[in-house]
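First the structure, in the form of structure tokens, and then the observations on it.
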Amino acid sequence: MLAQQTALAQLCTKVFLYWGIEQARHVSLTPHGDALRRLQGMGPRKAAKLLRQTERLYDRVVLGPDTLPAHLRSASGEMSPHWRRGHFRMQAHGPRLSLRKVMFISPTIVRADRLTSDELP
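Counting in my numbering, the sequence shown runs from 2 upward without gaps.
Laid out in structure tokens, this is it:
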């Protein structure tokens with residue numbers, strides 16, 4: 002139990018650190034909160050239908066880097082520099098890789114060698 006709590010605390014710490022990156026773009030999407038605000042002005046039938054729909058909705062914050070400038074994209078067939086977004090994945094570990102744990106894969110720049118020093122984020 003303590004190991005799970007430690008892993009969860011580490012995971013939350015990584016998310017909050019990524020949240021604090023200045024180059025990251027923060028977009029708040031609040032479909033659940035918007036639906037709950039619309040409930041107050043509705044009749045009972047429509048309110049019941051909207052309540053059923055809100056069970057599938059959730060509020061979220063989309064974090065990600067801004068896109069790179071257009072002049073960095075090449076037409077020569079090579080992959081242009083771009084951000085690979087961060088994500089969570091289940092990582093195999095333990096004896097014969099039979100156990101799984103949640104890992105946060107941090108965002109990274111693909112083909113960063115093609116960027117000049119003044120274009121780096």
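Where is the CB? At the ideal position from N, CA and C, for every residue including glycine.
With contacts defined as CB atoms closer than 7 Å, L58 and P32 qualify as a contacting pair.
Around the CB of P82, 16 or more other CB atoms lie within 10 Å, so the residue is classed as buried.
Counting only runs of 3+ residues, the beta strand (DSSP E) found wholly inside the stretch 72 to 112 occupies 83 to 85, 88 to 94, 100 to 106 and 109 to 111, in chain order. Each of L100, T14 and D35 was checked against the Cα of D60, and the nearest Cα belongs to D35. Here the stretch 13 to 30 makes no contact with the stretch 43 to 54; the two share fewer than three CB pairs at distances below 8 Å.
Judged by DSSP secondary structure, D35 falls within the alpha helix (DSSP H) whose first and last residues are P32 to L40. Y19: member of the alpha helix (DSSP H) spanning L3 to W20, first to last residue. DSSP places R26 in the strand class (E or B) of the three-state scheme. Between V111 and L52, the alpha-carbon positions lie close to 43 Å from each other.
Distance from R101 to A93 at the Cβ level is roughly 6 Å; contact confirmed, criterion being Cβ atoms closer than 8 Å.
Partner residues in the beta bridge of R61, as assigned by DSSP, are L30.
Taken atom to atom, the span from the alpha-carbon of A4 to that of C13 is near 14 Å.
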